[in-house]
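>
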Amino acid sequence: MLRVPRPPPPPGPPRAGLLPLALLLLGGLGSADGSEVNLLDSRSVMGDLGWIAYPKNGWEEIGEVDENYAPIHTYQVCRVMEQSQNNWLLTSWISNRGASRIFVELKFTLRDCNSLPGGLGTCKETFNMYYFESDDEDGRNVRENQYIKIDTIAADESFTELDLGDRVMKLNTEVRDVGPLTKKGFYLAFQDVGACIALVSVRVYYKKCPVVVRNLAIFPDTITGADSSQLLEVLGSCVNHSVTDEPPRMHCSAEGEWLVPIGKCMCKAGYEEKNNTCQACRLGFFKDSPQSQMCTKCPPHSYTREEASHFCICEEHYFRKETDPPTMACTTPSIITTVKKGKVAKNSISLSWQEPDRPNGIILEYEIKYFEKDQETSYTIIKSKETKITADGLKPASAYVFQIRARTAAGYGGFSRRFEFETSPLLAASSDQSQIPIIAVSVTVGVILLAIVIGFLLSGRRCGYSKAKQDPEEEKMHFHNGHIKLPGVRTYIDPHTYEDPNQAVHEFAKEIEASYISIERVIGAGEFGEVCSGRLKLPGKRELPVAIKTLKVGYTEKQRRDFLGEASIMGQFDHPNIIHLEGVVTKSKPVMIVTEYMENGSLDTFLKKNDGQFTVIQLVGMLRGMASGMKYLSDMGYVHRDLAARNVLINSNLVCKVSDFGLSRILEDDPEAAYTTKGGKIPIRWTAPEAIAFRKFTSASDVWSYGIVMWEVVSYGERPYWEMTNQDVIKAVEEGYRLPSPMDCPAALYQLMLNCWQKDRNSRPKFDEIVCMLDKLIRNPSSLKTLVNASSRVSNLLGEHSPLGNGVYRSVGEWLEAIKMGRYAEIFMENGYSSMDAVAQVTLEDLRRLGVTLVGHQKKILNSLQEMKVQLVNGMVPL
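Residue numbers for the sequence shown, in mature numbering (1 follows the signal peptide of the UniProt record, and there is no 0): -34 to -1, 1 to 845.
Below, the structure written as structure tokens:
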């Protein structure tokens, strides 16, 4: 093996005519942005780089100048005339400074082999890049095969001899990332195997999220994680003069961007937020608590003695009660001294009073406080602009206490002294005697009317009709945004019919105070922003786990409207198999949609993770829940248009709930969608033929989609139509092809799928019929024991999983990849199963011995082999 020598070789003369390397005024070298930290930049090193070339007549260091004529280091090699080149260039040791993922940016020129004399057959147009990790600077002296290959580097643009006269040439720029790194540093190595290259610059850097102040918290420089999709949670520190109950958090993305701020600091009492700092309230202003946003001017007749005041002091001869808030003006007494009793009845008392002598300004209103004697904790407040009131709703023969105070622009005066008055008693006994004949007549009439009503009700019941007592409001017809809503009929209302979309949101979705929501962690990313999990604690209710969709900053009004449109739809639904909307946050930022939290996430991902782990009855139970939810939507007149397992959520009790009602996202940005002739996008693999051809979406087209979801569930999240293109799917379905039965599928379920895929939409079952069918299967589990016959399943495969279209596989690896079991290909080969003949003899014990321990994977492999044997018997497959 090659061992690299330690001392660097002296540079040799350039091979003129083959590679003009010192030739160029090099442009476009660029520089790092604020989120990139250089570990090495060969352009900025003034002295010796200390790099080593082996062999000595391979890579050569050439002195060059950049576009500003500053000296730079370049390396070239051009031994294209000689065969079997293996030229190595090794850097000095590079400290990674704690970064676990680094990036290497190469700028180079490369000559087109066809432009060389004689069109050299040994010429290459690529070179290789390697790295080796080491905790110290002795690591460079290792064997060649100990270096790990990063990539083969090719040029986007190569030059020819004709380009040499221009003297300015375009550079190729390539960036590669390396990670995760586990040691303190590393070496880079560049291997030439016969190309004509000039390596102009090498820049090695890592990415960080730079220090930032957000929500009054300082987040420090943070090196990004080792994984390209990793989000690092970082705690912030409150700026000076600010506080928080819980440290704010943000997430550092792999690209050096700060995402998803959670929580915030608040300026302390006496300080207000300005330009991400907390500044003291100036003289004459105050702030009484951190919860207040800004400093407030002192109320009338009060002042402050110093900056950063928590409250204002009353001027001389002006006062504020201890129980008054600090925003209350300081006032002089304005006391009402005389209150007169007017008309008194058994349930009411009328009062009047004189305006106070010195009211301290114009009296704006009076406040009357009263309560039943000895019941002071339960009182009533009446406000009046007049100097008289009538308090009604009182108890007969009871004493009540009244107090009155006046309010001016300077605030409230004090309450008057207590005035006690008593309501009239009930009628005397003698008076009651005179009412006896009237009462007797009334009772008689009442008995007769009661008898008539009972007779009517009984006759109604004999006719098989009964009616529950109705609220009078239900007897009326209501007009709602131009739509007539009949009593007892729940109808879906399209939010787009509202002239003001915000009205629809507030009509159907409850507004939630942002302070009631605590965000705990990011669980995904949506079209409009991040999706988080958290807790919702409404006053007087128990705390709930919730999912929170947030609207990213910098949104347009259309994006806000589309984002909240889903809430306007969801808020109209109330069913155990439809995702439940808790409410929205629209009056503060970020704008949020809050729904119930589904612990197991999307159904397709959940099924893939738990392949083969559920009983048939459990799967049918999931299907029954979805069908029930879709029946509810259909009864309301709502067409989903994108029913798929990815748009169904499942909780810890395996309850499935239909979700994803954002139609604009479905039609425009779904990765499963394809363009249609009339514009927009639809999810081809899940969509009925008439909806694809004519955009005719109905509950019947939702039934077609439901059949595809059934197939997804029974196949544990397999992709419908596998790797067929969307155009192939459209053509095959139009020609009558239908998805074959999944493995181990009960015949009754597959027949229901086929019924859902009837070409004539009027022949498809309704969702209420589907619910009834599934209920019968659940009540009679033995009906699920009959599976689809393997040979009949094979007859409809249309070359399922087979690249050749006839069930023939070129290799064991190809077969395993086709049935999504490619992870076991290497194990099969290592244990001697190198041909389909050998694989055909595999048993369950063999699979266990090979390490295939998941029951679902065992069944999938054995079933595939059984199908091939059936085809073999029928003369279809030559093993």
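Ideal Cβ placement from N, Cα and C applies to all residues, glycine included.
Just to confirm my understanding: we take S314, look at its own chain, exclude 5 residues before and 5 after, and list those with CB closer than 8 Å. What are they?
So the qualifying residues of the chain are T356, A357, D358, G359, L360, T389.
> Between K507, P708, D734, which has its C-alpha nearest S594's C-alpha?
Nearest option by C-alpha distance: D734.
> Does the ligand NAD have even one heavy atom less than 7 Å from the beta-carbon of V695?
Absent from the structure shown: the ligand NAD. Ligands present: none.
> Is C218 helix, strand or coil when you go by DSSP?
C218: strand per DSSP, three-state reduction.
> Which of the three DSSP states, helix, strand or coil, is assigned to E273?
Correct three-state label for E273: coil.
> If we count the other Cβ atoms within 10 Å of its Cβ and call it buried at 16 or more, is R527 buried or exposed?
Result: buried.
> Do you know offhand how far residue 878's Cα is from E833's?
Residue 878 lies beyond the residue range present for the chain, which begins at -34 and ends at 845; the question has no answer from this structure.
> I need the boundaries of the alpha helix (DSSP H) containing Y458, first residue and last residue.
From DSSP, Y458 is part of no alpha helix (DSSP H); its letter is neither H nor E.
> So for M95, helix, strand or coil by DSSP?
Looking at M95 - three-state DSSP - the assignment turns out to be strand.
> For E103, I'd like the list of residues in its chain whose CB is within less than 7 Å of its CB, leaving aside the five on either flank, ordered along the chain.
Closer than 7 Å at Cβ, skipping near neighbours: W59.
> Are W17 and L72 touching if we call contact CB-CB under 8 Å?
Cβ distance not < 8 Å, so W17 and L72 don't count as in contact.
> Can you give the Cα-Cα distance for residue 856 and K234, rounded to whole angstroms?
For the chain, the structure presents residues -34 to 845; residue 856 sits outside this window and is missing.
> Quick one: which unbroken beta strand (DSSP E) runs of 3-plus residues sit fully inside the stretch 239 to 302? Chain order, please.
List check, beta strand (DSSP E) in window: 243 to 246.
> Distance check for K732 and I827, CA to CA, integer angstroms please.
Computed Cα separation, rounded: 36 Å.
> Within the chosen definition, does the stretch 90 to 98 reach the stretch 151 to 160 through at least 3 CB pairs nearer than 8 Å?
Short answer: they touch.
> Looking at I334: is its Cβ nearer than 8 Å to the Cβ of S350?
Result yes, Cβ atoms of I334 and S350 sit closer than 8 Å.
> Counting only the same chain and skipping the five closest in sequence on each side, list residues whose C-beta sits under 6 Å from that of S484.
Within the same chain, S484 has close Cβ partners G500, R501.
> Rounded to the nearest angstrom, how far is the Cβ of G250 from that of Y269, given a contact under 8 Å?
Right, the Cβ-Cβ distance comes to about 6 Å (below 8 Å), so this counts as a contact.
> At which residues does the beta strand (DSSP E) containing residue 930 begin and terminate?
Outside the displayed range of the chain (-34 to 845) lies residue 930, so it cannot be described from this structure.
> Looking only at C-alpha atoms, which of T516, G591, G603 sits nearest to I559?
Residue T516 is the option with its Cα nearest to I559.
> Can you tell me whether F660 is buried or exposed, with buried defined as 16 or more other CB within 10 angstroms of its CB?
F660 is exposed by the Cβ-count criterion.
> Assign N12 to one of two classes, buried (16 or more other C-beta atoms within 10 Å of its C-beta) or exposed (fewer than that).
Note that residue 12 is Met in the sequence shown, not Asn. With fewer than 16 other Cβ atoms within 10 Å, it is exposed.
> G222: which of Y172, D211, E331 sits nearest, CA to CA?
When only C-alpha atoms are compared, the closest one is Y172.
> Applying the 10 Å Cβ sphere with the 16-neighbour rule, what's the burial state of S481?
Exposed is the call here.
> Quick one: give me the first and last residue of the beta strand (DSSP E) that H39 is part of.
Residues 37 to 43.
> Measuring alpha carbon to alpha carbon, tell me which of M536, V679, H541, I38 ends up nearest L547.
The residue with the shortest Cα to Cα distance from L547 is M536.
> Three-state secondary structure (DSSP) at Y716?
Y716 falls in the helix class under three-state DSSP.
> When you compare each of A610, V226, K623, A806 to E562 by their alpha carbons, which one comes out closest?
Residue K623 is the option with its Cα nearest to E562.
> G151 bridges to which residues according to DSSP?
Bridge partners of G151: S61, S100.
> Does the stretch 316 to 323 touch the stretch 276 to 291, meaning 3 or more C-beta pairs lie closer than 8 Å?
Taking 8 Å as the limit for Cβ pairs, the verdict is that the stretch 316 to 323 does not touch the stretch 276 to 291.
> Within the continuous beta strand (DSSP E) that includes M558, where are the two ends?
It spans 558 to 562 - the beta strand (DSSP E) in which M558 sits, taken as one unbroken run.
> For the stretch 141 to 151 against the stretch 29 to 48, do three or more pairs of beta-carbon atoms, one drawn from each stretch, fall closer than 8 Å, so that the two count as touching?
They do not touch, by the three-pair rule.
> What is the DSSP secondary structure of E833, counted as helix, strand or coil?
Correct three-state label for E833: helix.
> Hey, would you say K174 sits closer than 8 Å to N62, going by beta carbons?
Not in contact: K174 and N62 (Cβ atoms no closer than 8 Å).
> Using the Cα positions of N619 and L197, report the straight-line distance between them to the nearest angstrom.
In a straight line, the C-alpha of N619 is about 29 Å away from that of L197.
> Is the beta carbon of M676 sitting closer than 8 Å to the one on L720?
The answer is no: Cβ separation not under 8 Å.
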